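Residue numbers (full-length UniProt numbering): 1 to 290. Each residue gets a CB set at the ideal place from its N, CA and C atoms; glycine is no exception. It should be emphasised that the depicted structure is a prediction, and the values quoted were computed from it without experimental measurement.
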Amino acid sequence: MTIQSSCRSADPPSKAEKEAVNELRNRVKQTLRSIPEDLDTDLNLLRWIRGYQGKIDKICIILILYTFIKTFKTSDYLIHCFGYSELLLQLILKFPEMVQRIFLVNPPRLISVLWKIARLFLTEDNLKRIEILTDSKDMPKHLPKWFVPKEFGGDFINAKCAGDESGVSIRKKISSADHYQLLCHYKSKGVERPKSNRKDISPGEKFTVPIIVPEGRCILWDFTVSGEIDFHIYKDKDELCMVYPKLRLVTNKLSEEGILENLVEGEYSLRFHNRSAYFTVKLEYSITVA
Numbered sequence: 001m002t003i004q005s006s007c008r009s010a011d012p013p014s015k016a017e018k019e020a021v022n023e024l025r026n027r028v029k030q031t032l033r034s035i036p037e038d039l040d041t042d043l044n045l046l047r048w049i050r051g052y053q054g055k056i057d058k059i060c061i062i063l064i065l066y067t068f069i070k071t072f073k074t075s076d077y078l079i080h081c082f083g084y085s086e087l088l089l090q091l092i093l094k095f096p097e098m099v100q101r102i103f104l105v106n107p108p109r110l111i112s113v114l115w116k117i118a119r120l121f122l123t124e125d126n127l128k129r130i131e132i133l134t135d136s137k138d139m140p141k142h143l144p145k146w147f148v149p150k151e152f153g154g155d156f157i158n159a160k161c162a163g164d165e166s167g168v169s170i171r172k173k174i175s176s177a178d179h180y181q182l183l184c185h186y187k188s189k190g191v192e193r194p195k196s197n198r199k200d201i202s203p204g205e206k207f208t209v210p211i212i213v214p215e216g217r218c219i220l221w222d223f224t225v226s227g228e229i230d231f232h233i234y235k236d237k238d239e240l241c242m243v244y245p246k247l248r249l250v251t252n253k254l255s256e257e258g259i260l261e262n263l264v265e266g267e268y269s270l271r272f273h274n275r276s277a278y279f280t281v282k283l284e285y286s287i288t289v290a
């Protein structure tokens, strides 16, 4: 069976589109004070312009929704709807022109709340691409049976990876032995976890913790934060001398912890950066040398 697709490589930006990118960038800065870092490229802004037919007023409104959902998905609601929030962010809002068809199978009831909000901002074309299926056995009505796992009414069984006759991965009940054991890195170095410190990091603020490390010793840390945070470690007050990569982290359900071993003597800086333009985040952290 052959499945036809109308996809092709995108046309290069026209002169009018380049002007629209600059206009959108300026408008977003006026509306949100700053552009989310993951969107602030000509390529990503062009995707929005093409995905929403150049309607800059509407794009500015949708960017507010995009920022809201990014914050929303880091809340306690994350445990229920992380996948749906991420799909909405990445495919529908961020890259609308790349999506051909989206199927939501057996979504939780609470997704209806998010869906009602999203419908206010999505284009008619995007709405037509999304199909909500309350019965997983309906998948073969929309896709070839050979492509759909057996559990969803199709014929596909994954023979390469570990799987069962349902066509999906083997199920195993999670026990306490599977749980991640917190703070074991302190025990492995024979040190006690120091008392936690707390810090409220304002929107856009960078908070740095300097620490002197003797030759051959190591840094141990753990922290939790109430929202998204950028974290990295650098040496000798030089951010270009990075010894731990910059990562954007969320710690709602599990603390972030780590260790750097056998370090060269010097001053190391642990940097926390709140990139939100609106929300203060609460940081609780412990750092020590062993």
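Would you report the Cα separation of residue i and residue j, rounded to the nearest angstrom?
{"i": "residue 28", "j": "residue 34", "result": "7 angstroms"}
{"i": "residue 211", "j": "residue 178", "result": "34 angstroms"}
{"i": "residue 288", "j": "residue 191", "result": "9 angstroms"}
{"i": "residue 66", "j": "residue 117", "result": "11 angstroms"}
{"i": "residue 196", "j": "residue 220", "result": "13 angstroms"}
{"i": "residue 52", "j": "residue 150", "result": "37 angstroms"}
{"i": "residue 112", "j": "residue 62", "result": "19 angstroms"}
{"i": "residue 131", "j": "residue 58", "result": "23 angstroms"}
{"i": "residue 56", "j": "residue 115", "result": "23 angstroms"}
{"i": "residue 129", "j": "residue 247", "result": "33 angstroms"}
{"i": "residue 19", "j": "residue 40", "result": "15 angstroms"}
{"i": "residue 143", "j": "residue 209", "result": "53 angstroms"}
{"i": "residue 16", "j": "residue 245", "result": "38 angstroms"}
{"i": "residue 120", "j": "residue 174", "result": "39 angstroms"}
{"i": "residue 290", "j": "residue 176", "result": "30 angstroms"}
Of the residues the options, which one's Cα is nearest the Cα of residue i?
{"i": "residue 180", "options": "209, 254, 190 and 43", "result": "254"}
{"i": "residue 11", "options": "40, 50 and 23", "result": "50"}
{"i": "residue 252", "options": "217, 225, 23 and 19", "result": "225"}
{"i": "residue 185", "options": "209, 174, 156 and 218", "result": "218"}
{"i": "residue 284", "options": "198, 246 and 188", "result": "198"}
{"i": "residue 207", "options": "232, 220, 130 and 215", "result": "232"}
{"i": "residue 125", "options": "13, 246 and 100", "result": "100"}
{"i": "residue 189", "options": "276, 127 and 258", "result": "258"}
Leaving out five residues on either side along the sequence, give the residues of the same chain with a beta carbon under 8 angstroms from the beta carbon of residue i.
{"i": "residue 139", "result": "103, 105, 133, 148, 152, 153 and 154"}
{"i": "residue 64", "result": "31 and 32"}
{"i": "residue 76", "result": "Legend: pLDDT at residue 76 = 48, less than 50; position of this residue unreliable, value from coordinates given subsequently. Hits under 8 angstroms: 252."}
{"i": "residue 146", "result": "1, 154, 155 and 156"}
{"i": "residue 243", "result": "233, 234, 235, 260, 263 and 268"}
{"i": "residue 136", "result": "105, 106, 151, 152 and 153"}
{"i": "residue 276", "result": "71, 203, 204, 227 and 228"}
Just to confirm the assignment, what range does the beta strand (DSSP E) spanning residue i have?
{"i": "residue 18", "result": "Premise fails: residue 18 lies in the alpha helix (DSSP H), 15 to 32, not in any beta strand (DSSP E)."}
{"i": "residue 197", "result": "197 to 201"}
{"i": "residue 221", "result": "219 to 225"}
{"i": "residue 238", "result": "238 to 249"}
{"i": "residue 124", "result": "No beta strand (DSSP E) holds residue 124; the alpha helix (DSSP H) holding it covers 124 to 129."}
{"i": "residue 286", "result": "281 to 289"}
{"i": "residue 253", "result": "From DSSP, residue 253 is part of no beta strand (DSSP E); its letter is neither H nor E."}
{"i": "residue 232", "result": "229 to 235"}
{"i": "residue 172", "result": "Residue 172 -> no beta strand (DSSP E), and no H or E assigned at all."}
{"i": "residue 104", "result": "102 to 105"}
{"i": "residue 152", "result": "Residue 152 -> no beta strand (DSSP E), and no H or E assigned at all."}
{"i": "residue 211", "result": "206 to 213"}
Leaving out the 5 sequence neighbours to the left and right, which residues in its chain are closer than 6 angstroms to residue i when beta-carbon positions are compared?
{"i": "residue 256", "result": "223 and 249"}
{"i": "residue 21", "result": "42, 45 and 46"}
{"i": "residue 193", "result": "183, 186 and 286"}
{"i": "residue 205", "result": "274"}
{"i": "residue 14", "result": "none"}
Which residues bound the alpha helix (DSSP H) around residue i?
{"i": "residue 179", "result": "That residue, residue 179, is in no alpha helix (DSSP H); it is neither H nor E in DSSP."}
{"i": "residue 270", "result": "Looking at the DSSP string, residue 270 is not in any alpha helix (DSSP H); the run it does join, the beta strand (DSSP E), is 266 to 273."}
{"i": "residue 49", "result": "42 to 51"}
Here's a check: name, in chain order, each residue in its chain whose Cβ is nearer than 7 angstroms to the Cβ of residue i, leaving out the five neighbours to either side.
{"i": "residue 281", "result": "201, 225, 226, 227, 229 and 274"}
{"i": "residue 278", "result": "203"}
{"i": "residue 60", "result": "27, 28 and 31"}
{"i": "residue 25", "result": "35 and 45"}
{"i": "residue 54", "result": "20"}
{"i": "residue 265", "result": "213, 214 and 215"}
{"i": "residue 23", "result": "56"}
* Three or more beta-carbon pairs under 8 angstroms between the region 260 to 276 and the region 232 to 242, yes or no? -> Cβ pair count under 8 angstroms is three or more, so yes.
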